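The next block holds one structure in the form of structure tokens; read it before the comments.
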Ligand SMILES: [Cu+2]
């Protein structure tokens, strides 16, 4: 009787183990993707009362630019032309970036992108995206 119970337990345990193996994530057995830090660069643009700094940057395609609002008012970095932002329509947070907050955007289109602060359009900058 005791042996039978053990046998049932053993079957249950092995059965559960087999099930677990089936649901295991197949990606877990793949080799890890190597990080290529040279391909994805990070660039910061500070927004202050004086505008964007640096106002002109050159980055590689796929780089991330983070606009950090260090001014006392909300800012809204967006692609030219104002107010439609159609040159590079994705380059637009679609809302204001509050004082103290930041907004990041990945530039994956090659070109020279003029931009402005949608809330104070006289503040301007340029981001050159190269291959
Ligand atoms: Cu605008």
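In the numbering used here, the protein residues as written are 14 to 144.
No residue lacks a Cβ here, since even glycine has one placed at the ideal position from N, Cα and C.
None of these values were measured; they are calculated from a predicted model.
Ordered along the chain, which non-local residues of its own chain (more than five positions away) have a Cβ less than 6 Å from that of residue i?
| i | result |
| --- | --- |
| residue 140 | 70 and 126 |
| residue 110 | 82, 88 and 116 |
| residue 50 | Model confidence at residue 50 stands at a pLDDT of 47, short of 50, so the residue's coordinates are unreliable; what they give is reported in the following sentence. Excluding sequence neighbours, residue 50 sits near nothing in its chain. |
| residue 119 | 77 |
Just to confirm my understanding: we take residue i, look at its own chain, exclude 5 residues before and 5 after, and list those with CB closer than 8 Å. What are they?
| i | result |
| --- | --- |
| residue 144 | 73, 74 and 123 |
| residue 108 | 89 |
| residue 98 | 91, 92, 104, 105 and 131 |
| residue 95 | 129, 131 and 134 |
Taking DSSP as the reference, what is the three-state secondary structure of residue i?
| i | result |
| --- | --- |
| residue 35 | Below a pLDDT of 50, predicted positions are generally treated as unreliable, and residue 35, at 48, falls in that range; the measurement from the model is reported next regardless. Of the three classes helix, strand and coil, the one that applies to residue 35 here is helix, per DSSP. |
| residue 80 | strand |
| residue 57 | strand |
| residue 71 | strand |
| residue 95 | coil |
| residue 64 | strand |
| residue 144 | coil |
| residue 115 | strand |
| residue 133 | strand |
| residue 21 | Because the pLDDT of residue 21 is 45, which lies under 50, any placement of that residue in the model is unreliable, and the question is left without a value. |
Excluding five sequence neighbours on each side, which residues of the same chain lie with their C-beta closer than 7 Å to the C-beta of residue i?
| i | result |
| --- | --- |
| residue 101 | 92, 122 and 126 |
| residue 54 | 72, 73 and 76 |
| residue 80 | 58, 60, 90, 110, 115 and 116 |
Is there a Cβ of chain C sitting closer than 8 Å to that of residue i, yes or no?
| i | result |
| --- | --- |
| residue 95 | No chain C is part of this structure, which consists of one protein chain only. |
Which two residues bound the contiguous beta strand (DSSP E) that contains residue i?
| i | result |
| --- | --- |
| residue 104 | Run containing residue 104: none; DSSP gives neither H nor E here. |
| residue 123 | Note, residue 123: premise wrong, no beta strand (DSSP E); not H, not E. |
If residue i and residue j are in contact, beta carbons under 8 Å, what's the gap, nearest whole angstrom?
| i | j | result |
| --- | --- | --- |
| residue 68 | residue 137 | 7 Å |
| residue 132 | residue 88 | 6 Å |
| residue 112 | residue 86 | 6 Å |
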